[in-house]
Amino acid sequence: MPLVRKRRASALLKVLGRADQTADVFIDRFLREDGHLNEPLAARLVSRAIPAEYGLFLANSMPVRDMDCYAAIDGHSAHVNGNRGASGIDGTIASACGFAQGLKAPVTLMIGDLAALHDLNSLAMLKDPPYPVTVVILNNGGGGIFSFLPIAQFEDVFEPFFATPHGVDFPLAARMFGLEYAKAATPKDFLTAYTRAVRGKNSTVIEVSSDRAENVKVHQLLQQKMFP
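Under my numbering, think of the first position of the sequence shown as 1378, with each following residue one higher.
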């Protein structure tokens, strides 16, 4: 395969670069003024705090989308991976563990609550691994991505068949598999827990609770203010 020749940055590329920087400053200001630990902010904090030599594994649904949209442009260039295709959310924790083995480096996994529940038994693989995995579970009590769709207006069918609420928290799951656990309620809590986890030698589960309806509002408000 022939080498791709390097070209000068076009005028359009420079315009897009400036727009990217403007958007990045706006997102920072919006999330700082909001002050809550929400799902976009969790992605943004990880993008800045993850060590450069680490791997980042992104689960399907909202984690991969939030990281794509809200990661900081001054964040570290971690090795990024994820699963796509018909399997959807199945086997995500096991895949992250395999990614760490192949990369020969610690990995941060950002995953939703349903994806975590679908592969809960794979937490057993994270006990005493050669390369620890920090599992950030974004728990909005169901399938949060579906709250962005028109079907969310029909609560009688939406809740049982799309949102599928489960009422599960994860501290006992972490304890059952001998993993360290932290629950973050504020941005400061999250950064403290995440920094401690990536500096340690053991796998850790960090849980971030969010409300599905509020999560939609945050996303919509951010988009509305950015593109009035």
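The beta carbon of each residue, even a glycine, is placed where N, CA and C say it ideally should be.
Computed from a prediction, not measured in an experiment: that's the story for all the values here.
6 Å CB neighbourhood of residue i in its chain, flanking five on each side removed
i	result
A1574	T1511, T1581
V1484	G1432, F1434, A1473, F1476, A1477, V1510
E1584	I1514, N1516, F1547, K1560
G1468	D1496
R1409	none
V1441	L1435, G1459
A1492	A1436, I1466, T1469
Span separating the alpha-carbon of residue i from that of residue j
i	j	result
G1577	D1566	17 Å
L1390	P1542	44 Å
E1536	R1385	52 Å
A1529	G1519	13 Å
G1521	R1382	43 Å
V1545	D1496	14 Å
D1445	A1420	9 Å
T1399	N1498	43 Å
G1452	V1423	8 Å
A1570	G1412	18 Å
G1465	G1459	10 Å
D1490	V1392	38 Å
L1568	R1395	29 Å
L1486	A1436	7 Å
I1470	E1532	31 Å
Q1597	P1417	12 Å
I1450	D1443	14 Å
R1425	S1438	21 Å
S1524	N1592	9 Å
P1527	P1507	45 Å
V1595	P1605	15 Å
Own chain partners of residue i with C-beta closer than 7 Å, once the 5 adjacent residues on each side are dropped
i	result
A1455	I1427, A1429, Y1431, G1432, L1433
D1588	N1517
L1480	G1432, H1456
N1579	P1509, E1557
F1538	none
A1448	A1420, R1421, S1424
Per-residue DSSP class, three states only, for residue i
i	result
E1532	helix
T1569	helix
L1500	helix
N1458	strand
V1545	coil
G1475	helix
G1489	strand
N1437	coil
G1394	helix
R1384	coil
T1563	coil
Contact set for residue i: own chain, Cβ-Cβ below 8 Å, skip 5 residues either direction
i	result
F1403	K1602, M1603
D1397	I1450
According to DSSP, residues forming a beta bridge with residue i
i	result
S1586	N1516
Y1558	V1582
M1444	None, per the DSSP bridge assignment.
V1484	G1432, V1510
G1412	BP columns for G1412 are empty, so no partner.
Integer-rounded CB distance, given that residue j should sit under 8 Å from residue i
i	j	result
F1407	L1556	Contact doesn't hold; Cβ gap of about 33 Å is too wide.
L1503	F1554	7 Å
L1414	A1551	Contact doesn't hold; Cβ gap of about 19 Å is too wide.
Any chain C beta carbon closer than 9 Å to residue i
i	result
F1547	Judged by its chain identifiers, the structure shown contains no chain C, having just a single protein chain.
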